[in-house]
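If you count the sequence shown from 1, position 271 lands on 271 in full-length UniProt numbering, and the numbers rise without skipping.
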Amino acid sequence: MIPYGKQSISDEDIKAVVDVLKSDWLTQGPKVPEFEQAVAEYVNVKHAVAVNSATSALHIACLALGVTKADEVWTSPNSFVASANCALYCGASIDFVDIDLSTGNMCLNALEAKLKARQQTNQPLPKVVIPVHFAGQPCDMDTLHTLSVQYGFKVIEDASHAIGGTYLDSSVGSCTYSDITVFSFHPVKIMTSAEGGIATTNCKKLARKMQLLRSHGVTNLESEMTESSHGPWYYQQIELGFNYRLTDLQAALGISQLTRVKEFVTKRNQMAENYLELLKQSNDIIPLAVKNDRLSAFHLFVVRLPNLNHDTHAKVVTYLRAQGVFAHVHYIPIHLQPYYQQLGFKKGDYPNAELYYQQAITLPLYPELTMKQQTHVISALNNAIKEYC
Numbered sequence: 001m002i003p004y005g006k007q008s009i010s011d012e013d014i015k016a017v018v019d020v021l022k023s024d025w026l027t028q029g030p031k032v033p034e035f036e037q038a039v040a041e042y043v044n045v046k047h048a049v050a051v052n053s054a055t056s057a058l059h060i061a062c063l064a065l066g067v068t069k070a071d072e073v074w075t076s077p078n079s080f081v082a083s084a085n086c087a088l089y090c091g092a093s094i095d096f097v098d099i100d101l102s103t104g105n106m107c108l109n110a111l112e113a114k115l116k117a118r119q120q121t122n123q124p125l126p127k128v129v130i131p132v133h134f135a136g137q138p139c140d141m142d143t144l145h146t147l148s149v150q151y152g153f154k155v156i157e158d159a160s161h162a163i164g165g166t167y168l169d170s171s172v173g174s175c176t177y178s179d180i181t182v183f184s185f186h187p188v189k190i191m192t193s194a195e196g197g198i199a200t201t202n203c204k205k206l207a208r209k210m211q212l213l214r215s216h217g218v219t220n221l222e223s224e225m226t227e228s229s230h231g232p233w234y235y236q237q238i239e240l241g242f243n244y245r246l247t248d249l250q251a252a253l254g255i256s257q258l259t260r261v262k263e264f265v266t267k268r269n270q271m272a273e274n275y276l277e278l279l280k281q282s283n284d285i286i287p288l289a290v291k292n293d294r295l296s297a298f299h300l301f302v303v304r305l306p307n308l309n310h311d312t313h314a315k316v317v318t319y320l321r322a323q324g325v326f327a328h329v330h331y332i333p334i335h336l337q338p339y340y341q342q343l344g345f346k347k348g349d350y351p352n353a354e355l356y357y358q359q360a361i362t363l364p365l366y367p368e369l370t371m372k373q374q375t376h377v378i379s380a381l382n383n384a385i386k387e388y389c
């Protein structure tokens with residue numbers, strides 16, 4: 001079976017982890033700050049805060065920006081549920097902005113229209129907007145930043161798919177157009193630390209807040225304490241934090257993997273070009289568009305089949321898997337999940353996201369994928385279309 005995604009682990013990666021296993025520190029040691037510094041330098045940002053998942057990073061990013069039950073957070077419905085759940089964890093309300101069908105990213109025309117409508121009717125504006133760099137392609141962050149200044153909201157980039165990508169010659173994660181950026185290091189992402197995530201920011205205050213929140217809200221810095229330290233063992237809990245720490249084992253793997261991100265992204269772009277070449281003759285398959293002012297990290301290669309419906313969608317995916325191609329679908333619109341329907345969302349709220357879901361299929365893409373395998377993938381897809389569409 002050709003998987004839709006797969007980690008690439010080298011001998012150097014294994015050695016890095018084994019070295020930590022043989023060291024004095026398995027967790028809360030020197031490798032986590034080393035990893036943070038390496039990521040910060042890679043994306044050209046001042047601060048990076050490593051945690052045990054991108055979900056945790058989104059949560060503490062919202063908390064650091066002061067999101068509470070009095071606030072609203074807006075994000076894309078075309079994402080994994082974590083992009084929206086982070087707001088609910090803070091007690092805030094969640095809302096969505098429909099997508100651009102051609103890219104899968106948040107439609108900024110729809111965002112602007114929604115902001116204008118809220119302002120004109122004196123309804124609450126969002127405290128935070130979370131654009132999702134879907135499949136690895138950065139959103140139009142310059143326009144979004146302009147809207148954030150005009151309407152007074154903060155921006156968290158959900159770049160779980162996008163480390164190694166660029167936008168207008170800036171690295172994703174540099175926070176040139178945002179307050180905080182979040183990356184995921186899950187095994188199927190661009191690089192991995194087994195599980196793990198990181199939040200980047202140029203604001204020292206936000207970074208320190210997230211550092212406290214990831215580790216129980218505890219500090220051993222006397223300057224942050226309410227009284228003089230009792231001694232070198234002393235600590236105080238000054239925030240209600242969480243145990244969201246990354247281990248040194250994971251950080252060591254992340255440090256090693258980071259050295260190959262450029263290679264990974266280059267390979268993924270080459271494979272995307274291979275797919276596009278193989279699809280040139282097909283009018284029944286529409287790849288997601290990538291704009292020429294940005295470099296996609298190509299976490300996913302997604303195509304749309306306009307002739308699919310509810311029944312044939314499942315048949316095509318099942319057929320592909322029977323042919324040894326583990327096709328997948330990213331994502332089920334968040335607002336159609338039962339939990340979110342209980343909050344009042346319903347079918348028809350975000351028609352582009354719903355149409356996208358009806359038509360979308362994710363094809364395999366990972367560094368070790370061969371041209372022969374890609375040819376087989378497209379051949380199987382064409383045969384499935386002939387059979388069911």
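Here a beta-carbon is modelled for each residue, glycine too, at the ideal position from N, C-alpha and C.
Extent of the continuous alpha helix (DSSP H) to which residue i belongs
{"i": "Arg268", "result": "261-278"}
{"i": "Asp19", "result": "11-21"}
{"i": "Glu36", "result": "31-43"}
{"i": "Ile385", "result": "371-388"}
{"i": "Leu253", "result": "248-258"}
{"i": "Asn85", "result": "82-89"}
{"i": "Val149", "result": "141-151"}
{"i": "Tyr319", "result": "310-322"}
{"i": "Ala207", "result": "204-214"}
Selection from the options that minimises the alpha carbon distance to residue i
{"i": "Gln28", "options": "Arg245, Ser174, Thr226", "result": "Arg245"}
{"i": "Asn202", "options": "Lys6, Ala48, Ile361, Leu365", "result": "Ala48"}
{"i": "Asn105", "options": "Val128, Val290, Gln37", "result": "Val290"}
{"i": "Val317", "options": "Ala327, Phe80, Asp311", "result": "Ala327"}
{"i": "Val265", "options": "Asn243, Phe298, Gln281, Asp293", "result": "Phe298"}
{"i": "His335", "options": "Pro306, Ala322, Ala84", "result": "Ala84"}
{"i": "Gly197", "options": "Ile60, Leu212, Gly348, Tyr357", "result": "Ile60"}
{"i": "Leu305", "options": "Phe185, Thr146, Ile378", "result": "Ile378"}
{"i": "Tyr366", "options": "Asp95, Ile190, Lys116", "result": "Ile190"}
{"i": "Ile385", "options": "Tyr357, Leu320, Thr370", "result": "Leu320"}
{"i": "Lys347", "options": "Pro77, Leu295, Val39, Val51", "result": "Pro77"}
{"i": "Tyr234", "options": "Phe242, Leu240, Leu221, Val303", "result": "Leu221"}
{"i": "Ala272", "options": "Asp248, Thr259, Leu300", "result": "Leu300"}
{"i": "Leu88", "options": "Thr55, Ala16, Asp142, Gly164", "result": "Thr55"}
{"i": "Gln281", "options": "Asn382, Leu21, Cys139", "result": "Asn382"}
{"i": "Ala314", "options": "Glu277, Glu195, Glu387", "result": "Glu387"}
{"i": "Glu57", "options": "Phe80, Ile94, Met210", "result": "According to the sequence as given, residue 57 is Ala; it is not Glu. The shortest Cα separation from Ala57 among Phe80, Ile94, Met210 belongs to Met210."}
{"i": "Ala92", "options": "Leu147, Leu343, Glu34", "result": "Leu343"}
{"i": "Arg268", "options": "Val302, Thr247, Cys175", "result": "Val302"}
{"i": "Val67", "options": "Cys86, Ile163, Asp140, Asn52", "result": "Cys86"}
{"i": "residue 413", "options": "Ile94, Asn44, Thr143, Arg118", "result": "The question about residue 413 has no answer, for the chain in this structure spans 1 to 389."}
{"i": "Arg208", "options": "His133, Gly5, Tyr340, Leu63", "result": "Leu63"}
{"i": "Thr375", "options": "Tyr356, Glu277, His330", "result": "Glu277"}
{"i": "Ile238", "options": "Gly5, Gly165, Leu213", "result": "Leu213"}
{"i": "His310", "options": "Tyr356, Ser296, Leu279", "result": "Tyr356"}
{"i": "Ser178", "options": "Thr146, Lys205, Asp169", "result": "Thr146"}
{"i": "Leu26", "options": "Ser10, Leu108, Gln7, Thr247", "result": "Thr247"}
{"i": "Val51", "options": "His216, Gln358, Thr312", "result": "His216"}
{"i": "Ala40", "options": "Leu369, Val17, Lys204, Gln373", "result": "Lys204"}
Bridge partner(s) assigned by DSSP for residue i
{"i": "Gly197", "result": "Val51, Ser184"}
{"i": "Phe96", "result": "Thr75"}
{"i": "Met106", "result": "Ile99"}
{"i": "Gln28", "result": "Its beta-bridge partners do not exist; DSSP assigns none."}
{"i": "Thr226", "result": "DSSP lists no partner for Thr226."}
{"i": "Pro287", "result": "Val303"}
{"i": "Thr121", "result": "Answer by DSSP bridge pairing: none, since Thr121 is not bridged."}
{"i": "residue 390", "result": "An answer regarding residue 390 cannot be provided, because it is not within the stretch 1 to 389 covered by the chain."}
{"i": "Gln236", "result": "Thr219"}
{"i": "Asn292", "result": "For Asn292, which the question treats as bridged, DSSP gives no partner whatsoever."}
{"i": "Ile2", "result": "Val325"}
Delimiting residues of the beta strand (DSSP E) encompassing residue i
{"i": "Leu363", "result": "360-363"}
{"i": "Asp158", "result": "154-158"}
{"i": "Val303", "result": "301-304"}
{"i": "Ile130", "result": "128-130"}
Contact between the stretch 88-100 and the stretch 349-357 (3+ Cβ pairs under 8 Å): Contact between the stretch 88-100 and the stretch 349-357 is present, because at least three Cβ pairs lie under 8 Å.
Would you check if the stretch 279-291 and the stretch 246-261 touch, i.e. whether three or more CB-CB distances between them fall below 8 Å? The stretch 246-261 vs the stretch 279-291: no contact.
Report yes or no: do the stretch 355-371 and the stretch 110-119 share at least 3 C-beta pairs separated by less than 8 Å? no
Check whether the stretch 124-143 touches the stretch 62-76, counting contact only when three or more Cβ pairs, one atom from each stretch, lie closer than 8 Å. yes
Starting from the N-terminal side, write out each stretch of the beta strand (DSSP E) that is 3 residues or longer and does not extend beyond the stretch 324-363. Taken in chain order, the complete beta strand (DSSP E) segments of 3 residues or longer contained in the stretch 324-363 are 360-363.
Three or more C-beta pairs closer than 8 Å, one from the stretch 180-187 and one from the stretch 20-37: is that the case here? no
Decide yes or no for the touch test of the stretch 133-140 against the stretch 157-176: beta carbon pairs closer than 8 Å, at least 3 of them. yes
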